[in-house]
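Numbering (the numbering used here), first residue to last: 7 to 344.
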Ligand code: SF4
């Protein structure tokens, strides 16, 4: 069975010609899937009965509704999607005034092993396809009201590069959802060669998970520091001129007594000097199995003020969906029905 979500218009045209359909059927399929969010061939009423019958026999769109949805008291919703033979992935819908952001997953589990992350502690179960990434976006009821997509859910996007880029292509292409790439942010622990490729091949915004500016301390929290030192990632980013181009941000989760004092803030200022970027501070969501604790509000604010006073735009990210384990680092692919 061919899965149609995630194929480019050119690939869809080839597929249609192979099946004996007119070439324009490909454009009609794109319109149904990406604009109208229709995944059922029977409802694609401008396709002939014969075309629909062949598609039903030989293809699937790749739409697959969430198997569970948990709603937070703050309006955040966590959707659970089943991935055949690999478990589950989660996507988190975050409404906020005139914005509606969806945080999507790109792998079941994760190889990166960040010590503070519930997903990382699960181990790695597999990559998911572009269709399975796009399905998280297209099959939720709020799909047509989304304003932003962030690749910050389960998995490391740069470790599933081709599927992530195919999904980005479908979101931004005129034949797909037609979005500006600046409505998309891709996060990474800093796999430098792949991040460089992403920068060269797309126009999306970039968020690097930094969390500690001292290499040895960062390696203790994030084992990938040993293979891809943050100083090399930052050096690569400094080769580009970002001013007025796109947003480069660094995610910095605050852990009490670990990375939240002024020495850490000063080192962060030092290593980011000369790079047009911003830092997002994130309050850590303590979980019973983790050795880390949340920094108190005053410490977080002092850290923010230090960065702002030393020329780095720094914001505190509001915490969302903590009561349904939908906040940063809490996604584990465990639904209420499991
Ligand atoms: Fe993977 Fe991101 Fe968790 Fe690190 S924080 S283990 S990269 S999902």
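Glycine is no exception: its CB is placed at the ideal position from the N, C-alpha and C atoms.
Between the ligand SF4 and the CB of residue 63, the shortest heavy atom gap is not smaller than 7 Å. Residue 224 is classed as buried because its beta carbon has at least 16 other beta carbons within 10 Å across all chains shown. DSSP places residue 309 inside the alpha helix (DSSP H), whose first and last residues are 303-315. Sorting 296, 35 and 274 by C-alpha distance to the C-alpha of residue 128 places 296 at the top.
Residue 271 and residue 192 have their C-alpha atoms some 24 Å from each other. Looking only at 101, 278 and 115, the smallest Cα-Cα distance to residue 150 is reached by 101. The way I'd put it, the region 236-255 does touch the region 189-207; three or more beta-carbon pairs between them come closer than 8 Å. Residue list for the ligand SF4: 116, 118, 120, 123, 125, 126, 162 and 195 (CB closer than 5 Å to any heavy atom, chain order). Minimum Cα-Cα distance from residue 29 among the listed residues 45, 19, 52 and 88 corresponds to 19.
Ranked by how close their Cα comes to the Cα of residue 219, the residues 229, 236 and 94 have 236 in first place.
Closest in alpha carbon position to residue 280, among 319, 172 and 136, is 319. Remark: fewer than three beta-carbon pairs, one from each stretch, lie closer than 8 Å, so the region 156-164 and the region 58-68 are not flagged as touching.
Judged by pairs of C-beta atoms under 8 Å, the region 137-146 touches the region 168-187, as three or more such pairs exist. By the CB criterion at 8 Å, residue 287 and residue 304 fall outside the cutoff. In this structure, the CA atom of residue 82 is about 12 Å from the CA atom of residue 148.
In this structure, the alpha-carbon of residue 108 lies about 15 Å from that of residue 80.
Rounded to the nearest angstrom, the gap between the Cα atoms of residue 58 and residue 8 is 14 Å. Residue 10 is not bridged by DSSP to any residue. Residue 322 is not a Cβ neighbour of residue 285, given a cutoff of 8 Å.
Rounded to the nearest whole angstrom, the CA to CA distance from residue 71 to residue 326 is 23 Å. One alpha carbon belongs to residue 262, the other to residue 291, and they sit about 11 Å apart. Taking each of 238, 52 and 12 in turn and checking the Cα distance to residue 40, the smallest one comes out for 12. Ranked by Cα distance from residue 189, the options 181, 182, 197 and 209 are led by 209. Per DSSP, reduced to three states, the secondary structure at residue 184 is coil, with no helix or strand assignment.
Taking 8 Å as the cut-off, the beta carbon of residue 260 is found no closer than this to the beta carbon of residue 120. DSSP lists 106 as the bridge partner or partners of residue 101. Secondary structure of residue 54 (DSSP, three-state): coil. Setting aside the 5 residues that flank it on each side, residue 274 is surrounded in the same chain by 219, each with a C-beta closer than 6 Å to its C-beta; the list follows chain order. When C-alpha distances from residue 289 are compared across 268, 308 and 324, the shortest belongs to 324. Annotated as proximal: residue 257 and residue 213, with beta-carbon spacing under 8 Å.
The alpha-carbon separation between residue 248 and residue 282 amounts to approximately 6 Å.
When the five nearest sequence neighbours on each side are left out, the beta carbons in the same chain lying within less than 6 Å of the beta carbon of residue 44 are those of 38, in order along the chain.
DSSP lists 8 as the beta-bridge partner residues of residue 65. For residue 241, no beta strand (DSSP E) run applies; the uninterrupted alpha helix (DSSP H) run containing it begins and ends at 236-244, by DSSP.
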